[in-house]
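Counting in numbering that gives the first Met the number 0, the sequence shown runs without a single skipped number right up to 328 at its last residue. The beta carbon of each residue, even a glycine, is placed where N, CA and C say it ideally should be. Scroll down for the structure; my scribbles are underneath it.
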Amino acid sequence: MSGAESSESTSNKRGSAEPHLMRGYLLAAGAAILWGLSGVITKYMLNRQLEPDELLIFRTILAAGILFAWLGLTSPELLHVKLKDMPYFAMLGAIGLVANQGFYYLALTMVSVGYALLLQYMAPVFLMVYGVFSKTERMTGGKMIAAALAIAGSILMVVGQEGGIARISFGGTLAALGSAVGFAFYTGYGKYGLRKYDPRTMMAYAFLFAGLMWITIRPLWTLPWSSYNLATWSLFLYLAAVATVVPFGLFLTSLRYLEPSRSSLTSMLEPVVAAFIAWLWLGERMSTIQLAGGAAVLSGIIMLQMERLLIARLLIRELKSREAVISDE
């Protein structure tokens, strides 16, 4: 093949790849926008005197029902799991999802949507710390800088509250950090299941067990059923379908066109979208110091993701070079 033909072939490949990349980014961004909007919808419903556990009962049960119906109609084989793995799914949902969403909803009763979400994004830092102490992840200079930036940003968000330290909601801050710990557990523990099961299978069973946990905490007969009107039921369904199942589907589809790291980085639009919509709709504001802290948190998490991506690529390159040497021998 001549140089001109090679150049033309490369150009054609890039041209054909660009629409796929754009499609992937749009799908991941769509997921982030819907996730961000869900926090604002949740805060709106909490402001209407609905309790966090009420929202979580209907969100988890309805989401599980939608997921099981969807998989049953499109990919019934994905619903087949081994009986011995049921305790694993129970832990994933009843601890991971319940802690993540429960603490997040609790935080929303005390702090702004943007504040709660940005602190929740500390989850990768907690995962990194656990990985270092459990010796499953190596600490590097880049990771230390990224973690320090994220931690410094979270401190700025806490102390930068308008009105000073006296206005800090320690309960809301702890709840948001508790949500981050729950998300870190769900992510880290979820990796084991991904070796055997499809992400859709894991999500369906995790939401099922999360729903069972919530109705154990708050039995169905204690709910104020007569107070739920058509608008309330519509919002319940929105949280389950549009705020849960649809964005998850968009995010999974984006992985067909993007590397997981790129999809994850694009999904970090979520707190930005949430804070902006909460400002427009609910009148929530964050101080300049808090905005700077939020930017530092996101920058630290992006650095952490990029560091992991770089290490993974270097390992792959090293393995390929070793394979080439062995084949030459």
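Annotation for Ala-147: Gly-299 place their beta carbon closer than 8 angstroms to its own, counting only its chain and skipping 5 residues before and after. The way I'd put it, the segment 39–57 does touch the segment 98–118; three or more beta-carbon pairs between them come closer than 8 angstroms.
It is roughly 9 angstroms from the alpha-carbon of Phe-184 to the alpha-carbon of Asn-99. Contact check for Leu-55 against Gly-101 passes: the beta carbons are separated by less than 9 angstroms. Gly-113 and Ser-37 have their C-alpha atoms roughly 12 angstroms apart. The segment 29–45 makes contact with the segment 229–245: 3 or more CB pairs, one atom from each, lie closer than 8 angstroms. Straight-line spacing of the CA atoms in Ala-145 and Trp-224 works out to 47 angstroms.
Judged by beta-carbon spacing, Ala-122 lies beyond the 9 angstroms limit of Thr-59, meaning their Cβ atoms are not closer than that value. The alpha-carbon separation between Arg-217 and Thr-73 amounts to approximately 33 angstroms. In summary, Met-85 is exposed, with fewer than 16 beta-carbon neighbours lying within 10 Å of its beta-carbon over all protein chains present. Between the alpha carbons of Glu-269 and Ala-291 lies a gap of roughly 17 angstroms. Rounded to whole angstroms, Leu-251 and Gly-29 show a C-alpha spacing of 12 angstroms.
Counting the other CB atoms within 10 Å of its CB gives Arg-199 a total of 16 or more, which places it among the buried residues.
Ala-274 places its beta carbon less than 9 angstroms from that of Leu-117.
Gly-71 and Ile-214 have their C-alpha atoms spaced approximately 24 angstroms apart.
Secondary structure at Met-109: coil, using DSSP grouped into helix, strand and coil.
When DSSP states are grouped into helix, strand and coil, Lys-134 belongs to the coil group. Around the beta carbon of Ala-230, fewer than 16 other beta carbons lie within 10 angstroms, which makes this residue exposed. Here the alpha carbon of Gly-130 sits roughly 42 angstroms from the alpha carbon of Trp-220. Residues of the same chain with a CB within less than 6 angstroms of the CB of Lys-81, apart from the 5 flanking positions on each side, do not exist. Ser-253 and Leu-222 have their alpha carbons spaced roughly 38 angstroms apart. Asp-197 and Val-158 have their alpha carbons spaced roughly 42 angstroms apart. Here the alpha carbon of Lys-83 sits roughly 14 angstroms from the alpha carbon of Leu-91. Nearest to Leu-25 by C-alpha distance, out of Val-124, Leu-281, Gly-248 and Ser-286, is Gly-248.
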